[in-house]
Each structure stands twice: as C-alpha cells, then as structure tokens.
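The sequence shown lines up with residues 75 to 281 when you count with our numbering. For each residue, glycine too, the CB sits at the ideal point set by N, CA and C. All figures in this text were calculated on a predicted structure; none of them were measured in a lab. This report refers to the structure that appears directly beneath it.
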Amino acid sequence: MNFDRIAPHYRWLETVAFGGQLQQARVAFLGETETPRRVLVVGEGDGRFLAEFLSIYPGAAVDCIESSGKMIALARRRGAKAVRFIQNDIRQAALPVAHYDLVVTHFVLDCFGRDDLRIVIAKLVRAATEDASWLLADFREPVGGCARRHAKLWLRLMYTFFRITSGLEADRLIDPSQFLEEKGFTRKARRLTHCEMITSEWWQRSA
C-alpha cells in the first residue's frame with residue numbers, strides 16, 4: 075500500500091469528489107479538545123490537517139507516521155517543519171507506550187481489513203495515555219434508505235480506485251467503533267456530513 079503515485083493529485087481529486095467536506099471533517103473538533111502535549115498523527119496525507127492543527131496548538135510535540143514519502147514532502151512544504159515524520163506503515167512502526175495524549179487517524183482506518191484494523195487500534199491504544207483523546211474522520215455507511223445506497227456506490231468506486239492506484243489491501247469498510255470501545259474509549263461527540271457518509275468523531279479514554 076503506497077500513495078506516492080497519487081500524492082501530487084490527491085488534493086484536486088478530493089476536491090472534485092467531495093469539495094471541502096473531507097478537510098472540514100478533519101478539523102471539526104480542533105479547538106474543542108484540551109490542549110495536547112504529545113500528539114500522534116497517523117496517515118496525515120498532504121499536510122492540510124497539520125497546518126491547521128499547528129496554528130491552533132503551536133506548542134504541541136507532534137509525531138506523524140506516514141508511509142508515503144511524497145505525502146511527507148507535501149506536508150513539509152505546507153509548514154509542518156517542526157513535526158517529526160516517520161516514514162513507515164503503522165503496522166510496522168515502533169511506538170512508545172502510554173506516551174501520546176492525543177491520537178489522530180483521519181481517513182486511514184478505512185485502509186485496513188478487520189484483522190489488521192483490530193491490531194492497529196490495539197497498537198495505538200498502547201501508545202496512548204490513560205486520559206487520551208482520539209480524533210478520527212472517516213467514511214461510513216448510513217443505516218438505510220437512499221443515503222446508504224449512495225454511500226455503498228461511492229465506497230465501491232473508491233476502494234476499486236485506490237486498490238488499482240495504491241495497492242490498497244482492504245476491499246470494504248469496517249466500523250472501528252467496536253474496537254475502540256473494547257479498549258476503553260467512549261465517543262464524546264460526532265458530526266455527520268455528506269448524506270451521513272462522512273463522520274467526524276471525538277473519542278475519550280477514561281483515566
């Protein structure tokens with residue numbers, strides 16, 4: 075799985091498909107969480123979230139795990155020079171234990187099948203402090219009706235596209251909520267957009 079091939083085109087592809095809604099989903103809860111000290115961002119992409127994050131929390135120490143070298147280069151050009159980038163697949167990356175008080179996973183958990191998703195979430199939970207927050211934005215399947223049919227069509231198209239262009243291994247969307255709840259996180263807030271196909275969520279771990 076490597077997004078180098080589409081990195082130069084990712085922003086305009088995203089804009090054509092969803093306008094500004096994915097970026098709005100990424101930044102939905104910035105400014106509402108307690109000021110983080112140590113932050114782990116997984117799968118940042120081209121740096122637009124980090125640019126907004128650092129303008130609000132300039133004192134935070136941020137580690138970013140991103141597998142695409144071209145995405146990292148784009149993020150650095152957008153002003154994320156103070157971020158410590160780690161070019162690696164999150165499944166292979168070594169993480170400190172109980173270190174980060176904020177974990178951020180925007181449009182990355184949908185890249186994994188069920189077994190890998192369970193492993194990745196467990197790994198990130200081990201790296202989180204006992205009172206950590208977790209921000210995620212991702213796609214979802216609405217419960218029913220036209221919105222569900224619309225979402226299923228879009229998801230099928232997107233999984234096919236990214237499998238061809240990036241070697242994406244997953245072929246369907248897995249809801250991460252169960253795995254987060256099993257690890258002691260509770261969803262504190264949620265915002266749904268784009269016919270309830272896009273979700274922004276703030277999860278909190280109880281100390």
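Asked: Option nearest T260 by Cα separation, candidates C269, V171, I272 and W208; Found: W208
Asked: Straight-line gap, W277 to K262 (C-alpha atoms, nearest Å); Found: 5 angstroms
Asked: Within 9 angstroms, strictly: CB atoms of L191 and I248; Found: yes
Asked: Minimum length 3: unbroken beta strand (DSSP E) runs contained in the segment 189-223; Found: 202-213
Asked: C138 in three-state terms, based on DSSP; Found: strand
Asked: Boundaries (first-last residue) of the beta strand (DSSP E) holding Q166; Found: No beta strand (DSSP E) contains Q166, which DSSP labels as neither H nor E.
Asked: Residues near D245 by beta carbon distance below 6 angstroms, same chain, minus five either side; Found: Y233
Asked: Limits of the beta strand (DSSP E) - the one that R112 falls within; Found: R112 to V116
Asked: Cβ-Cβ distance between L183 and T107 below 9 angstroms; Found: no
Asked: Cβ distance (whole Å) where V26 is taken to contact L124 below 8 angstroms; Found: Outside the modelled stretch of the chain, which goes from 75 to 281, sits residue 26, for which no answer is possible.
Asked: Cα-Cα separation, V178 to R150; Found: 18 angstroms
Asked: Range of the contiguous beta strand (DSSP E) that encloses E275; Found: I272 to R279
Asked: Distance between beta carbons of A206 and R264, contact taken as under 8 angstroms; Found: 18 angstroms between Cβ atoms; not a contact.
Asked: One or two residues paired with A263 in a DSSP bridge; Found: W276
Asked: R223 versus P250 - alpha carbon distance; Found: 21 angstroms
Asked: Member of R165, V136, H268 and D163 whose CA lies at the smallest distance from the CA of A225; Found: H268
Asked: Beta-carbon spacing of A154, T203 below 9 angstroms; Found: no
Asked: Cβ-Cβ distance between L148 and L114 below 9 angstroms; Found: no
Asked: Of the residues R79, A221, G119 and L242, the one placed nearest F145, counting alpha carbons only; Found: The amino acid at residue 145 is misidentified as Phe; the sequence shows Met. Of R79, A221, G119 and L242, the residue nearest in Cα terms is G119.
Asked: Cβ neighbours of F236 in the same chain (closer than 6 angstroms, five flanking residues each side left out); Found: L242
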